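Asks: As they're listed, the protein sequences go chains A and B. Residue numbers for the first sequence, in our numbering: 12 to 160. Residue numbers for the second sequence, in our numbering: 12 to 160. The C-beta atom is built at its ideal place from N, Cα and C for all residues, glycine as well. Nothing here was measured: the structure is a model prediction, and the numbers come from that model. Structure provided below as structure tokens; questions to follow.
Number of protein chains: 2
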Amino acid sequence: MEKEKYTIKDAAKLMDVPTSTIRYYDKEGLLPFVERMESGYRIFTEKDIATLRIIDCLKKTGMPIKEIRQFSDWLEQGDASLQQRYEMFLERKRIVEKQMTELQKILDTVNYKCWYYETAIAAGTEKIHHSNEEKVSDNLYLENYQSKI
Amino acid sequence: MEKEKYTIKDAAKLMDVPTSTIRYYDKEGLLPFVERMESGYRIFTEKDIATLRIIDCLKKTGMPIKEIRQFSDWLEQGDASLQQRYEMFLERKRIVEKQMTELQKILDTVNYKCWYYETAIAAGTEKIHHSNEEKVSDNLYLENYQSKI
DNA sequence: ATTGACCTTAAACTCAAGTTTAATGTTATA
DNA sequence: TATAACATTAAACTTGAGTTTAAGGTCAAT
């Protein structure tokens, strides 16, 4: 059986951030659903932790805090905002897919540079990549290399 | 035949950034190789533009400006720094591969939420995801879904 | 030689996303 | 009941990565 209630310290540990980050998110309106004790201490439920994980996922898609706040507002509205929330995730999907494509291109360039330096080190100098013939080799390399991966 | 020399405006247009960004990079020591006219105007060669593109690639791997400065310093040292530059790109490769893995996990979560909202909208309420039986369905969905993609 | 479109720098400013500090209140336990 | 280890807030501070501003110098075409 899992624990049911969490302190801010527990929540912070689960999310692997300092407690100050959780307080900052709350201050920015990301956590309006978090209840308090009479003393003012925050109480996080399992459900709150699950929502924190979704907020973390949105952050990792590159969504700025202000837009995540919109999502939290929609959460407060319940079923009336299902469509908006759905469209938000559809857009995040498109964005992340674009990021993946971009990241693959970056990886191709990094891999090319690895090969560039391997061959330069073997030759003892970068000059081997300066002549026209070698440039042709580079292109041939790139063409083959990218289809091989 | 391509143009041989570029102004800061040309370079900025080629890199799709404002000229202020190029000046900022120069101020931070990223562009020690860029020559000047007697008047002080920067002159970018084809090679400089190629190096700018590599700097842009490094930036897109998440490398901070201060570490890119190290790369520029190594460039100035010529063949003596081939090994260091090679190791730098090997590390960037590992980092980008990790980013790709992480991004795939994020996409899995986003896809799960898309399904979550599709089904909630069809049912007219999110409550369908609250009962224990439905939670089991979620898990089954996730298991099947991720192997299907 | 004047005009407009360029270029230069230093320094101040912006922005997001936190982090730190200070002053104070609460809870668990020995 | 004292004390340690938590918690609270507001406000100031930090960091990275630029952008903007101000004051001025240069270039190309008329």
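Thinking C-alpha only, which one of A:67, A:94 and A:71 is nearest residue 137 of chain B?
Replies: A:94
Asks: Would you kindly report the start and end of the unbroken alpha helix (DSSP H) that includes residue 82 of chain B?
Replies: Start and end: 76 to 88.
Asks: Using the C-alpha atoms, what's the distance from residue 109 of chain A back to residue 158 of chain A?
Replies: Unreliable positioning characterises residue 158 of chain A in this predicted model, as indicated by a pLDDT of 37, which lies under 50. A coordinate reading is not provided.
Asks: Ignoring anything shorter than 3 residues or poking outside the region 16 to 73 of chain B, list the beta strand (DSSP E) runs there in chain order.
Replies: 53 to 56
Asks: Please report the residue range of the alpha helix (DSSP H) in which residue 134 of chain B lies.
Replies: 93 to 134
Asks: Do the region 76 to 86 of chain A and the region 101 to 115 of chain A meet, that is, are 3 or more Cβ pairs less than 8 Å apart?
Replies: Two segments are said to touch when three or more pairs of C-beta atoms, one from each, lie closer than 8 Å; by this definition the region 76 to 86 of chain A does not touch the region 101 to 115 of chain A.
Asks: Would residue 118 of chain A count as contacting chain B if we go by Cβ distances under 7 Å?
Replies: yes
Asks: Can the beta-carbon of residue 25 of chain B be found less than 7 Å from the beta-carbon of residue 60 of chain B?
Replies: yes
Asks: Checking 7 Å against the spacing of the C-beta atoms, do residue 83 of chain A and residue 41 of chain A come in under that value?
Replies: yes
Asks: Excluding the 5 residues preceding and the 5 following residue 20 of chain B in the sequence, name in chain order all residues of the same chain whose CB lies nearer than 7 Å to its CB.
Replies: 30
Asks: Please go through the same chain and pick out, in chain order, the residues whose beta-carbon is closer than 7 Å to the beta-carbon of residue 47 of chain A, but skip the five residues on each side of it.
Replies: Taking C-beta separations shorter than 7 Å and ignoring five residues to either side along the sequence, the partners of residue 47 of chain A in its chain run 53 and 54, following chain order.
Asks: Figure out for me which residue from B:65, B:38, B:35 and B:73 has the closest Cα to the Cα of residue 124 of chain A.
Replies: B:65
Asks: Pull up the distance between the alpha-carbon of residue 37 of chain A and that of residue 134 of chain B, whole angstroms please.
Replies: 31 Å
Asks: Please tell me whether residue 68 of chain B and residue 18 of chain A are closer than 7 Å, where the distance is taken between their beta carbons.
Replies: no
Asks: Give a yes or no on whether the C-beta atoms belonging to residue 107 of chain B and residue 72 of chain B are separated by under 7 Å.
Replies: yes
Asks: For a cutoff of 7 Å on Cβ pairs, would you count residue 107 of chain B as touching chain A?
Replies: yes
Asks: Taking C-beta pairs closer than 7 Å, name the residues in chain A that residue 30 of chain B reaches, listed in chain order.
Replies: Chain-ordered listing is empty here: chain A has no CB closer than 7 Å to the CB of residue 30 of chain B, the nearest sitting near 24 Å.
Asks: Rounded to the nearest angstrom, what separates residue 51 of chain B and residue 16 of chain B at their Cα positions?
Replies: 15 Å
Asks: For residue 87 of chain B and residue 70 of chain A, what's the separation of their Cα atoms in angstroms?
Replies: Approximately 38 Å between the Cα atoms of the pair.
Asks: Starting from the C-beta of residue 45 of chain B, find all residues in its chain whose C-beta is less than 8 Å away, skip the five residues before and the five after it, and write them out in chain order.
Replies: 37, 53, 54, 55 and 59
Asks: Evaluate residue 105 of chain B with the Cβ neighbour count: other Cβ atoms within 10 Å of its Cβ, from every protein chain shown; 16 or more gives buried, anything less gives exposed.
Replies: exposed
Asks: Can you confirm whether residue 36 of chain B, when its beta carbon is compared against all beta carbons of chain A, has any partner nearer than 7 Å?
Replies: no
Asks: Using the three-state DSSP reduction, which class does residue 140 of chain B fall into: helix, strand or coil?
Replies: helix
Asks: In chain order, what residues of the same chain have a beta carbon less than 8 Å from the beta carbon of residue 130 of chain A, not counting five sequence neighbours either side?
Replies: So the list reads 139 and 140, once near-sequence residues are dropped.
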